[in-house]
Amino acid sequence: MKKLFFGLMAFCMIFGMFTGCTQKVKPSEYDLDALSQQLQESAAFSDILSPVTKEIAASFYGFADADVTDCVVLCSTGATTEEIALFKCASEEAAAKLKANADTRVETQRTVYESYAPGEMPKLDDAIVTQNGLYVFYIVSADASKAQAVLDSQNK
Amino acid sequence: MTHSNKKNKGLRAVFFVLLVLLVVLIVYFSKKEGSILARPSETPSPAATDETVAPPSVAETPAGESETPTATPSPSPSEAVTSGPDLTARDPMNDDYFSDAAFMGNSLMDGFRLFSGLTTCDYYAATSMTVVGATTKACITLDNGTPGTLVQGLSQEAYGKIYILLGINEIGYDVDTFIDYYSQMLDEIIAAQPDCDIYVMGLTPVSEAKSSSSDTFNMKRINDYNTALHQLAADKGCYYMDLVSALAGPDGYLPASETTDGVHFSAKVYQTWLDYVRTHYA
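For the record, the sequence lines run as chains L and X.
Residue numbers for the first sequence follow our numbering, so the first one is 4 and each next one is one higher.
Residue numbers for the second sequence follow our numbering, so the first one is 3 and each next one is one higher.
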């Protein structure tokens, strides 16, 4: 009984250490320029990505100008579906709407590229489309694990 | 009650307290885990909003003027064309000049929309678009909210200038067949826009690596297509724009540093393309 007790106590302490001490918290603010730079340097992308204006981004993601306070969107040459789109929205409601539109963009790209460049489908399968508070990220890359690692590294 | 029993009872109490704590901890952290950024394999959900996302290429709203760069590559058709208007390099036009212009084409034209920075015109372009698809494939939303073809999009208002880039997706066709289809499409556009200057853009160059490794995407076929397009433009009273001369490097190929697949290209090349369009006009 004594052994069982100390065993359980040790387990609880170790469990507590691993859950409590290594738990990272997502940031409430992101530097979108810095994040896009880190993503581009992560070797997750195979195509040349170039920035587009907010107007162009709005034509893809269907948002009103006032609903997005900051964004960094980089598009591929057109040879691939690769893309980095990072948004800060004016409200969580606007962010939720943009997240839904970003989900739709995955499907739109799938329709456009499925016969044109079938090799792009796995990239779309691994698309990172996520909302964290006011922020919405849409990332399609050649290596999603590398892109995800950059996002995870933002957690503190 | 023995001393040993008392001890065991005490230990059991401590054990249960720890167990309860453990359960609380697990519940707490499992909830917290759910709020961490989603993993790449997150399943995308289909369209479920009342907001319509614009198709890949739709008309852009006019914006402010931009600087007018001064690059003047001159066209050099690979073969002499019998007759018809031709273009030479002139002083660059500013963005206002394009306020009555429409650009129509394939993914490369869509790239022009994305990266050239020209926003005073309208765009009708879609990935994988062909001369046949331009009149048959309903891939854009027209002003009245219904789906329509690119050519129907062009017919929605009177334009002063229309620029067309199509052909690279049909590069596997027989040249004559391609020209027949192109001619039919041009006839439709001319009928809809009789007072408009129409610019037929030749196919853009591919990289040397692509050209030497492909039976279809090579400069020999591109030049054959362009020679035929140049003649067609002349026959229809349209202007031909030689994008090989405009965009190729000194070796006659798309620079390898500006492309990943040998066909599509970087934003830098689109700037060169815009410079060419600004300086070549009727």
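Quick reminder that beta carbons are idealized off the backbone N, C-alpha and C, glycines included.
- If you look at I59 (chain L), you'll find it in the alpha helix (DSSP H) that goes 57 to 64.
- Taking C-alpha positions only, M131 (chain X) is separated from A69 (chain L) by approximately 33 Å.
- From the beta-carbon of S157 (chain X), no residue of chain L is found nearer than 9 Å; the closest lies around 21 Å away.
- Between D199 (chain X) and A284 (chain X) a beta carbon distance of about 5 Å is seen, short of the 8 Å cut, so the two are scored as contacting.
- Per the DSSP secondary-structure output, Y141 (chain L) pairs in a beta bridge with L:A88, L:V132.
- Going by C-alpha positions, S31 (chain L) is about 41 Å away from L276 (chain X).
- Three or more Cβ pairs closer than 8 Å define a contact, and the segment 38 to 55 of chain L meets that threshold against the segment 136 to 156 of chain L.
- For K159 (chain L), no beta strand (DSSP E) run applies, since DSSP gives it neither H nor E.
- Contact with chain L is absent for G147 (chain X), since none of that chain's Cβ atoms lies less than 8 Å from the residue's Cβ.
- Around the beta-carbon of S209 (chain X), 16 or more other beta-carbon atoms lie within 10 Å, marking it buried.
- Neighbours of H266 (chain X) in chain L, taken as residues at a C-beta separation under 7 Å, are given in chain order as T80, G81, A82.
- In the structure shown, K163 (chain X) adopts extended strand secondary structure according to DSSP, grouped into three states.
- Under DSSP, G107 (chain X) shares a beta bridge with X:A127, X:L167.
- At a Cβ-Cβ threshold of 8 Å, L35 (chain L) and K91 (chain L) count as neighbours.
- Of all residues in the segment 87 to 100 of chain X, none comes within less than 8 Å of chain L when Cβ atoms are compared.
- In the three-state scheme derived from DSSP, where H, G and I count as helix and E and B as strand, S39 (chain L) is classed as helix.
- Residues D50 of the same chain have their beta carbon placed closer than 7 Å to that of A82 (chain L), with the five preceding and five following residues left out of the count.
- Residue-level contact check: I87 (chain L) does not touch chain X, since none of the beta carbons of chain X fall below 8 Å from its beta carbon.
- Judged by DSSP in its simplified three-state form, T143 (chain X) adopts strand.
- In the three-state DSSP reduction, M124 (chain L) falls in the helix class (H, G or I).
- Cβ neighbours of D226 (chain X) within its own chain (closer than 6 Å, five residues either side excluded): V177.
- Listed along chain L are T80, each with a C-beta nearer than 7 Å to that of T261 (chain X).
- For Y33 (chain L), there are no neighbours in chain X by C-beta distance under 8 Å, as the nearest C-beta there is about 11 Å away.
- Ranked by Cα distance from Q151 (chain L), the options L:A98, L:P125, L:A130 are led by L:A130.
- T274 (chain X) has a beta carbon lying at 8 Å or more from every beta carbon in chain L.
- The residues T151, in chain order, have a CB closer than 8 Å to that of T138 (chain X) in the same chain once the five nearest residues on each side in sequence are set aside.
- For A103 (chain X), same chain residues with a beta-carbon under 6 Å away, outside a window of 5 residues either side, are C123, K163 in chain order.
- Apart from the 5 residues on each side of it in sequence, Q195 (chain X) sits with its Cβ closer than 8 Å to the Cβ of L156, S157, A160, Y161, I164 in its chain, given in chain order.
- When DSSP states are grouped into helix, strand and coil, M203 (chain X) belongs to the strand group.
- In this structure, the straight-line span from the alpha carbon of D189 (chain X) to that of F114 (chain X) is close to 25 Å.
- Around the beta carbon of N108 (chain X), 16 or more other beta carbons lie within 10 angstroms, which makes this residue buried.
- Just so you know, the alpha carbons of Y175 (chain X) and V133 (chain X) end up roughly 11 Å apart.
- Legend: CB atoms of the segment 103 to 126 of chain X lying less than 8 Å from CB atoms of chain L belong to residues S109, L110, D112, G113, R115, L116, F117, G119, T121.
- If you look at V153 (chain X), you'll find it in the alpha helix (DSSP H) that goes 152 to 156.
- When only Cα atoms are considered, L42 (chain L) and D197 (chain X) end up about 49 Å apart.
- Taken in chain order, the complete alpha helix (DSSP H) segments of 4 or more residues contained in the segment 166 to 244 of chain X are 177 to 194, 210 to 215, 221 to 237.
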